[in-house]
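Scroll down for the structure; my scribbles are underneath it.
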Amino acid sequence: MAVEAVIFDWGGTLTPWRTIDFSAESAALALAATDGGAQAAEALRAAGDAVWSRSRDHHHSATIEAIFAEAGLELEPARLTAYREFWEPHTATDDDVRPLLERLRDEGMRVGVLSNTVWPRSWHEEIFVRDGIDHLIDGAVYTSEIAWTKPSPEAFQAAMAAVGVSDPGSCVFVGDRLFDDIYGARNAGMLAVHLPHSDIPLGQLGHTVGEPHAVIQRLSDLPDVIAPWR
Ligand SMILES: [Mg+2]
0 MAVEAVIFDW GGTLTPWRTI DFSAESAALA LAATDGGAQA AEALRAAGDA
50 VWSRSRDHHH SATIEAIFAE AGLELEPARL TAYREFWEPH TATDDDVRPL
100 LERLRDEGMR VGVLSNTVWP RSWHEEIFVR DGIDHLIDGA VYTSEIAWTK
150 PSPEAFQAAM AAVGVSDPGS CVFVGDRLFD DIYGARNAGM LAVHLPHSDI
200 PLGQLGHTVG EPHAVIQRLS DLPDVIAPWR
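So for the sequence shown, numbering that gives the first Met the number 0 puts the first residue at 0; every next one is plus one.
Printed below as a string of structure tokens:
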């Protein structure tokens, strides 16, 4: 067996896990509504919960625009500044990432990202550029651009296509969620590595607990785990 590609989840995997205050998040998001305020924040919070439930139960993806539509609100994209500022401190790339990705690529592996996200690609790419890792990523799939979310096999197949590999058995997937990431990757035929530090919100826990092929305590431990698989 030869590992051709390593594909990473983003939040809680390439970024250290941060517990999010969803009420504060909704309040920041409501500032982008034509008619903002407390009622808008409540509607957006409920719409966000509905969207993530559909991701969990039916693996249907969504966008920020879809959350506003679900809430019956009109989005003014130019006013998303406060929402992005709310998230900004939670987006920092783990210090282990850059040396890890450089090493994987030096050893001939391709590097990918597959994120369940409602954000547009450009927001994610700006973070990778800011943190100096954009040039180390061969391909990325953001579920806001496709119909499905993890753990759907379609999401994993899209990520394989993005990095240019066709055999799931030659892919290692690294993630922090046992349902979306670990069950999903194994179900798609990949090798699955769990990074278990995230405190997943109750409403986002999955229906199945996947069993990883390996567990790592930090990203810098990954090359030693992959070595016997190469
Ligand atoms: Mg994650």
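Built from N, CA and C at the ideal position, the CB exists for glycine as well.
Reduced DSSP category for His196 - H, G, I as helix; E, B as strand; rest coil
On the sequence shown, position 197 is the one that residue 196 refers to. Coil, per DSSP.
At a cut-off of 6 Å, would you count Asp8 as near ligand 1, judging by its Cβ distance to the nearest heavy atom?
By one-based count along the sequence shown, residue 8 stands at place 9. Judged by the Cβ position, Asp8 qualifies as a neighbour of ligand 1 at the 6 Å threshold, a heavy atom of the ligand being closer than this.
Assign Asp198 to one of two classes, buried (16 or more other C-beta atoms within 10 Å of its C-beta) or exposed (fewer than that).
By one-based count along the sequence shown, residue 198 stands at place 199. Exposed, because fewer than 16 other Cβ atoms sit within 10 Å of the Cβ of Asp198.
Same chain, Cβ closer than 8 Å to Ser114, neighbours up to 5 away in sequence not counted:
For the purposes of this step, residue 114 is taken as the residue at position 115 of the sequence shown. Hits under 8 Å: Asp8, Trp9, Gly10, His123, Ala139, Val140, Tyr141 and Thr142.
Is the beta carbon of Thr12 within less than 6 Å of some heavy atom of ligand 1?
Start at 1 with the first residue of the sequence shown, and residue 12 comes out as number 13. At least one heavy atom of ligand 1 is nearer than 6 Å to the Cβ of Thr12, so yes.
How about Gly174 and Thr12: are their beta carbons less than 7 Å apart?
For the purposes of this step, residue 174 is taken as residue 175 along the sequence shown, with counting starting at 1. For the purposes of this step, residue 12 is taken as residue 13 along the sequence shown, with counting starting at 1. Yes, Cβ-Cβ distance for Gly174 and Thr12 is below 7 Å.
Secondary structure, alpha helix (DSSP H): runs of 4+ residues fully inside the region 81–136:
With a minimum length of 4 residues, the continuous alpha helix (DSSP H) runs that stay inside the region 81–136 are 96–105 and 120–129.
Just verifying my parser: in three-state terms, what is the DSSP assignment at Ile181?
Translated into positions along the sequence shown, residue 181 becomes position 182. Note: Ile181 maps to helix in three-state DSSP.
From this set, Ala158, Asp137 and Gly131, which residue's C-alpha is nearest Glu144's C-alpha?
Stepping through the sequence shown from its first residue, residue 144 is reached at position 145. The shortest Cα separation from Glu144 among Ala158, Asp137 and Gly131 belongs to Ala158.
Sorted by chain position, which residues of the same chain lie with C-beta nearer than 6 Å to Ala187's C-beta, five sequence neighbours on each side aside?
Start at 1 with the first residue of the sequence shown, and residue 187 comes out as number 188. So the qualifying residues of the chain are Pro152, Phe155 and Pro167.
Span separating the alpha-carbon of Asp137 from that of Ala26:
The residue labelled residue 137 in the question sits at position 138 within the sequence shown. The residue labelled residue 26 in the question sits at position 27 within the sequence shown. Each residue's alpha carbon lies about 35 Å from the other.
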